[in-house]
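Right, one structure below, let's go through it.
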Amino acid sequence: MKTLGSFPNTRLRRNRREVWNRRLVAENSLTPEDFIYPIFVSEGVNKRVPVASMPGVDRITVDLLDKVVGEASDLGVLAIAIFPEVDPNLKTPDACEAYNPDNLVCRSIKAIRSSHPDVGIICDAALDPFNSDGHDGLVVDGHIVNDESVEILCKQSLVQAEAGCHVIAPSDMMDGRVAAIRRVLDENGFQDVRIMSYAAKYSSSFYGPFRDAIGSS
1 MKTLGSFPNT RLRRNRREVW NRRLVAENSL TPEDFIYPIF VSEGVNKRVP
51 VASMPGVDRI TVDLLDKVVG EASDLGVLAI AIFPEVDPNL KTPDACEAYN
101 PDNLVCRSIK AIRSSHPDVG IICDAALDPF NSDGHDGLVV DGHIVNDESV
151 EILCKQSLVQ AEAGCHVIAP SDMMDGRVAA IRRVLDENGF QDVRIMSYAA
201 KYSSSFYGPF RDAIGSS
């Protein structure tokens with residue numbers, strides 16, 4: 001006995017015949033509102049520098065953010081994520097530039113909030129752009145020290161929130177950093193600043209272009 005759910009009573013191609021029908025029954029659809037636009041920022045004025053390992057992607061200076069963010073917003077993108085290429089002269093073993101309230105990230109946040117107040121701003125919480133060792137955590141005697149790194153990440157997250165960031169996105173992989181960042185934000189009146197923790201990270205060569213873009217390789 002054949003059921004109605006089997007061929008030829010059921011012909012799935014019927015629902016794929018026309019564009020309107022395919023779109024009507026599609027399980028998933030992606031629009032600009034579903035994407036976060038990553039922006040790589042660098043020091044200087046009126047500069048766009050191509051990222052060699054990512055064709056079509058540029059590092060831009062803070063003064064160009066108005067135009068770039070505006071173009072993304074006009075396309076329907078609701079949020080951007082900031083990733084800095086820090087001046088090598090500002091990188092230190094203690095990554096103190098990460099929590100400088102006037103660092104490249106904080107200046108970028110303020111510029112975007114001023115020109116595009118309705119655009120969501122997501123900031124990476126990690127030390128590799130600021131650490132002269134190039135790691136996401138502080139290095140002592142050849143080993144990454146977890147708890148001391150978390151303290152710096154908390155300071156970094158706080159200055160980003162003070163500058164106007166909407167979402168902190170820790171990508172550092174230190175143990176306990178999400179709870180610690182949440183506590184520091186709440187204690188300083190930033191209960192509405194969100195945390196978007198990375199669910200998983202991999203030891204992958206796909207990180208090569210990213211590390212190239214932020215100069216932490």
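The sequence shown begins at 1 in UniProt numbering and counts up one residue at a time.
Here a beta-carbon is modelled for each residue, glycine too, at the ideal position from N, C-alpha and C.
Note that the structure is a prediction, hence the values are computed from the model and not measured.
1) Do the CB positions of R194 and I152 come within less than 9 Å of each other?
2) What are the boundary residues of the beta strand (DSSP E) that includes G70?
3) With respect to the beta strand (DSSP E) encompassing R48, which residues constitute its N-terminal and C-terminal limits?
4) Between the beta-carbon of A163 and the beta-carbon of F130, is there less than 9 Å?
5) Tell me which same chain residues have a C-beta within less than 8 Å of the C-beta of I109, skipping the five on either side of it?
6) Once DSSP output is grouped into helix, strand and coil, what is the label at A169?
7) By the DSSP assignment, the alpha helix (DSSP H) with S108 in it spans what residues?
8) Going by the beta-carbon positions, is the gap between V178 and S197 smaller than 9 Å?
9) Would a check of beta-carbon distances place S203 closer than 9 Å to chain D?
10) From N15 to M174, what does the alpha carbon distance come to, in whole angstroms?
11) Taking DSSP as the reference, what is the three-state secondary structure of D133?
12) Taking DSSP's pairing of strands, which residues face I60 in a bridge?
13) From this set, W20, P50, R13 and I36, which residue's C-alpha is nearest I214's C-alpha?
14) Might you give, ordered along the chain, the residues of its own chain that have their beta carbon closer than 7 Å to the beta carbon of E33, omitting 5 neighbours on each side?
15) Under the rule that 16 or more other beta-carbon atoms within 10 Å means buried, what is N9, buried or exposed?
Well, looking at it:
1) no
2) It is not in any beta strand (DSSP E) - G70 instead sits in the alpha helix (DSSP H) that spans L65 to D74.
3) R48 to P50
4) no
5) I82, I121, C123, Q160, A163, G164 and C165
6) strand
7) L104 to S115
8) yes
9) Chain labels in this structure do not include chain D; a single protein chain is all it has.
10) 48 Å
11) coil
12) V41 and R48
13) P50
14) G76 and L78
15) exposed
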